[in-house]
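Just below is one structure, and these are the notes that go with it.
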Amino acid sequence: MARKTPEELNILKKKYNVDQFYSWSRYHTYKISPFEYLLRYILHKDEDRTNSIYSYSGSLAHDILEKLYSKQIKYKDMIEEFKDGWSTYEIADLKFDRNNEEKNKKIGDKYKENLIHFFKNHNVLKGKIELERFIIIKIGNYVFQGYIDAIRRDKDGNYIIQDWKTSSIYKGKKAIEEAGQLILYAIGLNQMGIPLNKIKICWCFLKYCNVTVSQAKVDKETGLNATNVRQIERSEIGSSLHSSAKMWLNKLGYGERLLEYLDLLVQTNDISCLPKEVQEKFKIEDCYVYVGITDDLINSLKVDIIDTLHEIKVKELEYEKTLDDTVFWDTDENVKKQDYYFATLCGYSPSLHKPYAKYLDRLKAEKEGEDNMFGGVGGDLSDFNDDGEDLSWLDML
Numbered sequence: 576m577a578r579k580t581p582e583e584l585n586i587l588k589k590k591y592n593v594d595q596f597y598s599w600s601r602y603h604t605y606k607i608s609p610f611e612y613l614l615r616y617i618l619h620k621d622e623d624r625t626n627s628i629y630s631y632s633g634s635l636a637h638d639i640l641e642k643l644y645s646k647q648i649k650y651k652d653m654i655e656e657f658k659d660g661w662s663t664y665e666i667a668d669l670k671f672d673r674n675n676e677e678k679n680k681k682i683g684d685k686y687k688e689n690l691i692h693f694f695k696n697h698n699v700l701k702g703k704i705e706l707e708r709f710i711i712i713k714i715g716n717y718v719f720q721g722y723i724d725a726i727r728r729d730k731d732g733n734y735i736i737q738d739w740k741t742s743s744i745y746k747g748k749k750a751i752e753e754a755g756q757l758i759l760y761a762i763g764l765n766q767m768g769i770p771l772n773k774i775k776i777c778w779c780f781l782k783y784c785n786v787t788v789s790q791a792k793v794d795k796e797t798g799l800n801a802t803n804v805r806q807i808e809r810s811e812i813g814s815s816l817h818s819s820a821k822m823w824l825n826k827l828g829y830g831e832r833l834l835e836y837l838d839l840l841v842q843t844n845d846i847s848c849l850p851k852e853v854q855e856k857f858k859i860e861d862c863y864v865y866v867g868i869t870d871d872l873i874n875s876l877k878v879d880i881i882d883t884l885h886e887i888k889v890k891e892l893e894y895e896k897t898l899d900d901t902v903f904w905d906t907d908e909n910v911k912k913q914d915y916y917f918a919t920l921c922g923y924s925p926s927l928h929k930p931y932a933k934y935l936d937r938l939k940a941e942k943e944g945e946d947n948m949f950g951g952v953g954g955d956l957s958d959f960n961d962d963g964e965d966l967s968w969l970d971m972l
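Here it is as structure tokens:
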């Protein structure tokens, strides 16, 4: 779906009787860093650090999947699309780690291997899928606009809101903490008349796969092998399945060629090197992580959005009067908590992001203080102290 034009958005603003539409990224930017909010949305400063690959690589993956599901390319074309895009980023010398070249290469090689495996093995979604679905969401007196990556219906009539992710996987508490944008879109879908119990939210983590592994234990009721599902990084399929493959190779009579098969599994990172009856003990699929939508999650998000946007409005008015950028100053605690973000993902360098610069200066001062803590120890102990007392006896200790 094409993005809304400014003219179309203005018509919608009149319809909803608001001067401004909010976006998840605007709200979320403030939650991460109030000072970045100031730079981006009030001062409209251009980013001065554009060498991080993360946002570009995520966009590349989204674009390829959008082309596939809108029938602009065929399944087999995804690999070349990805490799072409990746080559462009390599030429531009974009970084996964800005400070350590060895670490940068290691992360990049693994990232590339994971995504190539995904585009070679992606389980194509069945049925009609709507991409980049525009949606309006009302939260209190505020109105949000957004674009859902993908929305589809399953065989049970559920509407599934899905986001493609190239980041590290979310699990447990982390998944709940990161689900805000999907919950916001679910609220919007519900406001369109779809019951909440018919809405599901999930991410598809491209770098990972769900592997269903058959166990040796047999279920007494079904007579079938018990199974468990593991979420494995795609570049580590071979090494992660090593133990299970070893068990099945021995159990199914391939003990004489055990080492050969296990070496091939690790080297190729592909279960197709195993005997067919051993392959059948593993089922590899795309990695989906679902978060259940609850009233508590919805209400908590609504309250936080309303409180946060009110706080932003108050600060904007204060800044307009005073032009004092400390109104949007990040606390030391917040900067420390988001240290990885500022070092790796943030598009603003310390020369523009003053709270982060202050944090780095403090870290440097603390480090220099530690280095100087024992300054002078090990000097000439035969020297006299300020009172002229002979301290040469200390040499005897």
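Heads up, the sequence shown is in the working numbering, so the first residue is 576 and it goes up one at a time.
Note that CB positions come from ideal geometry on N, CA and C, so glycine has one too.
Assigned exposure category for residue i - 16 Cβ within 10 Å defines buried
i           : result
residue 810 : buried
residue 653 : buried
residue 690 : buried
residue 878 : exposed
residue 885 : exposed
residue 901 : exposed
residue 808 : buried
residue 747 : exposed
Beta-carbon gap between residue i and residue j smaller than 8 Å
i            : j           : result
residue 712  : residue 762 : yes
residue 786  : residue 596 : no
residue 605  : residue 880 : no
residue 650  : residue 699 : yes
residue 783  : residue 806 : yes
residue 610  : residue 905 : yes
residue 733  : residue 669 : no
residue 996  : residue 821 : Summary: the structure shown does not reach residue 996, with the chain confined to residues 576 through 972, and so no result is reported for it.
residue 779  : residue 739 : yes
residue 815  : residue 623 : no
residue 618  : residue 693 : no
residue 632  : residue 741 : yes
residue 865  : residue 929 : no
residue 1056 : residue 608 : Any answer about residue 1056 is impossible in this case: the structure gives the chain only from 576 up to 972.
residue 664  : residue 903 : no
residue 760  : residue 710 : yes
residue 813  : residue 843 : yes
residue 841  : residue 819 : no
Which residues DSSP lists as bridging residue i, in chain order
i           : result
residue 848 : DSSP output for residue 848 lists no bridge partner at all.
residue 889 : Beta-bridge pairing links residue 889 to no other residue.
residue 627 : 670
residue 864 : 778
residue 858 : 787
residue 719 : 597, 712
residue 740 : 780
residue 808 : 783
residue 705 : 726
Backbone CA spacing between residue i and residue j [nearest angstrom]
i           : j           : result
residue 630 : residue 794 : 46 Å
residue 533 : residue 854 : Since the first and last residues shown for the chain are 576 and 972, residue 533 lies out of range.
residue 640 : residue 735 : 17 Å
residue 537 : residue 824 : A query on residue 537 cannot be resolved here, the shown segment of the chain reaching from 576 to 972 and no further.
residue 836 : residue 701 : 34 Å
residue 893 : residue 773 : 43 Å
residue 715 : residue 910 : 30 Å
residue 535 : residue 800 : With the chain represented from 576 up to 972, any question about residue 535 goes unanswered, as that position is not in the structure.
residue 628 : residue 686 : 11 Å
residue 721 : residue 578 : 10 Å
residue 584 : residue 672 : 38 Å
residue 647 : residue 704 : 14 Å
residue 845 : residue 620 : 47 Å
residue 614 : residue 920 : 15 Å
residue 660 : residue 642 : 14 Å
residue 861 : residue 637 : 15 Å
residue 581 : residue 723 : 19 Å
residue 940 : residue 898 : 29 Å
residue 798 : residue 790 : 12 Å
residue 874 : residue 889 : 23 Å
residue 765 : residue 882 : 22 Å
residue 697 : residue 743 : 18 Å
residue 674 : residue 769 : 48 Å
residue 922 : residue 676 : 19 Å
residue 872 : residue 751 : 8 Å
residue 804 : residue 938 : 43 Å
Proximal residues to residue i (C-beta, below 8 Å), its chain only, five neighbours per side dropped
i           : result
residue 616 : 601, 604
residue 587 : 579, 596, 711, 720
residue 935 : 925
Contacts around residue i, its chain only, beta-carbon distance under 6 Å, and the 5 residues preceding and following it disregarded
i           : result
residue 725 : 704, 706, 737
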